[in-house]
Amino acid sequence: MNKIATVVEWLRTSKKTIVLTGAGMSTESGVPDFRSASGWWTKTDPQQVATVDAMNSNYPLFHEFYSMRINLLEKCSPHEGHIILAQWEKKGIIHRIATQNVDGFHLQAGNKKVDELHGSIYTFRCKNCGKSATKEAFLNREVCVCGGKLRPNVVLFGESLPEETWMRAIANIKSAELVIVIGTSLEVYPVNQLPMMTNGKTVYINKDIAQHSSYFDCIVQGKAKETLIEINNLLTK
Ligand code: APR
6 MNKIATVVEW LRTSKKTIVL TGAGMSTESG VPDFRSASGW WTKTDPQQVA
56 TVDAMNSNYP LFHEFYSMRI NLLEKCSPHE GHIILAQWEK KGIIHRIATQ
106 NVDGFHLQAG NKKVDELHGS IYTFRCKNCG KSATKEAFLN REVCVCGGKL
156 RPNVVLFGES LPEETWMRAI ANIKSAELVI VIGTSLEVYP VNQLPMMTNG
206 KTVYINKDIA QHSSYFDCIV QGKAKETLIE INNLLTK
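Position 121 of the sequence shown, counted from 1, bears residue number 126 in our numbering, the numbering being contiguous throughout.
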C-alpha cells in the first residue's frame with residue numbers, strides 16, 4: 006500500500022488522532038519558517054531577537070523583529086491544508102491540534118481544539134507587570150501604565166511553555182492512537198519530545214525528512230498543503 010493510502014487507512018481506524026504542526030505548515034501561506042534556507046534564523050540570529058535577554062537588553066531590535074512578523078502575517082492567510090484540518094476536526098477525524106506556530110492559522114481556518122504550545126503573536130502584555138495590552142499599543146511602542154515595555158505572548162527561547170496547554174498536549178499525545186506531525190524540524194525542546202510520548206502510530210509529513218527517517222512509523226516527504234489535499238481526496242472518496 007502506498008504511504009498516502011496507509012495514512013488514510015490509519016486515519017479511518019484511529020479513535021483518537023492528534024496533529025502536531027510547525028512552521029512548515031504555514032510556508033505555503035507565504036510565512037517563512039525558521040531553519041529552512043529561506044527561514045527567519047538564516048537571516049536573523051535568534052539569540053538577538055527571540056530570548057528574554059534580547060528583549061531586555063535590545064528592545065528596539067526585539068520590537069522590530071516581532072512588528073515585522075505581525076505586519077507580514079496580516080498579508081497572509083491559512084491555506085487549503087489548514088482548511089482540511091478544520092474539516093477533519095468537524096467530522097471527528099482528528100481530535101485536536103498541538104502547534105508550535107504562533108500565527109493563529111489553525112484557529113482562523115476553523116479548528117476549535119488547538120493548543121498553541123509556543124503562545125500567540127496576536128496577544129500582548131507588559132513585560133514587567135504582565136498587564137495585557139493591545140496590538141496597536143505594541144506596534145506603536147507604547148508603554149504600560151507601570152512604565153514597562155510591551156511584548157507579544159510568544160514563548161521566547163529559555164521561557165517555559167504555558168503549563169496547562171503543555172500538560173494537555175502531553176496527555177492527548179500519550180492517549181492518541183495516531184499522531185501526525187506536519188512541517189517541523191523537531192529541533193526545539195520540549196515539543197520535539199512529544200512524538201516519542203505516544204503509544205500510537207506516528208506519521209511525519211515534511212519537506213525535509215533527513216533528520217527523522219528512523220523514528221516514525223510512516224514518513225511522507227512532501228509539502229504540507231499538497232500532501233493534506235492528496236490524503237483528503239483519498240479519505241473522502
Ligand atoms: N511542507 C512541509 N514541510 C515544510 C514546508 C512545507 N511547505 N516548508 C518547510 N517545511 C519543513 C522544513 O523542511 C523544516 O523541516 O518544515 C520544517 C520547519 O522547521 P523549523 O523552521 O525549524 O520550524 P519549527 O520546527 O516549527 O520550529 C520550532 O523553533 O524558533 C523556534 O519558536 C520557533 O516554534 C518555532 C520552533
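Backbone N, C-alpha and C fix where the C-beta goes; we use that ideal spot for every residue, glycine too.
Practice task
Go ahead and label R156 buried or exposed: buried means 16 or more other beta carbons lie within 10 angstroms of its beta carbon, across all protein chains shown.
Solution key: R156 comes out buried.
Practice task
Starting from S155, trace the alpha helix (DSSP H) both ways and give me its first and last residue.
Solution key: One point to set straight first is that residue 155 is Leu, not Ser, in the sequence displayed. Looking at the DSSP string, L155 is not in any alpha helix (DSSP H); the run it does join, the beta strand (DSSP E), is L155 to V159.
Handout entry: Span of the alpha helix (DSSP H), counted from its first residue to its last, around D58
Key = Taken as a continuous stretch (DSSP letters only), the alpha helix (DSSP H) holding D58 covers V57 to S62.
Handout entry: Q226 to I214 span [Cα, whole Å]
Key = Roughly 6 Å separates the two Cα atoms.
Handout entry: Closest residue to C151 among N133, V160, V107 and E141 (Cα-Cα distance)
Key = Of the listed residues, the one whose Cα sits closest to C151 is N133.
Problem - CA-to-CA distance, C149 to N61, given in whole angstroms - result: Roughly 15 Å between the two C-alpha positions.
Problem - Assigned secondary structure, E121 (DSSP; H/G/I helix, E/B strand, else coil) - result: In the three-state reduction of the DSSP assignment, E121 falls in the strand class, which pools E and B.
Problem - 4 or more residues per run - each alpha helix (DSSP H) lying fully within the region 166-231 - result: With a minimum length of 4 residues, the continuous alpha helix (DSSP H) runs that stay inside the region 166-231 are 168-179.
Exercise for the section: With a threshold of 16 other CB atoms inside 10 Å of the CB of F110, please say whether the residue is buried or exposed. Expected result: So F110 counts as buried.
Practice task
Only counting runs of 4 or more residues, tell me where the alpha helix (DSSP H) segments fall wholly within the region 46-107, in order along the chain.
Solution key: Segments of the alpha helix (DSSP H) lying fully in the region 46-107: 51-54, 57-62, 64-78 and 85-95.
Practice task
Kindly confirm or deny that the region 110-129 and the region 85-94 touch, where touching means at least three C-beta pairs closer than 8 Å.
Solution key: Three or more beta-carbon pairs separated by less than 8 Å link the region 110-129 to the region 85-94, which places the two stretches in contact.
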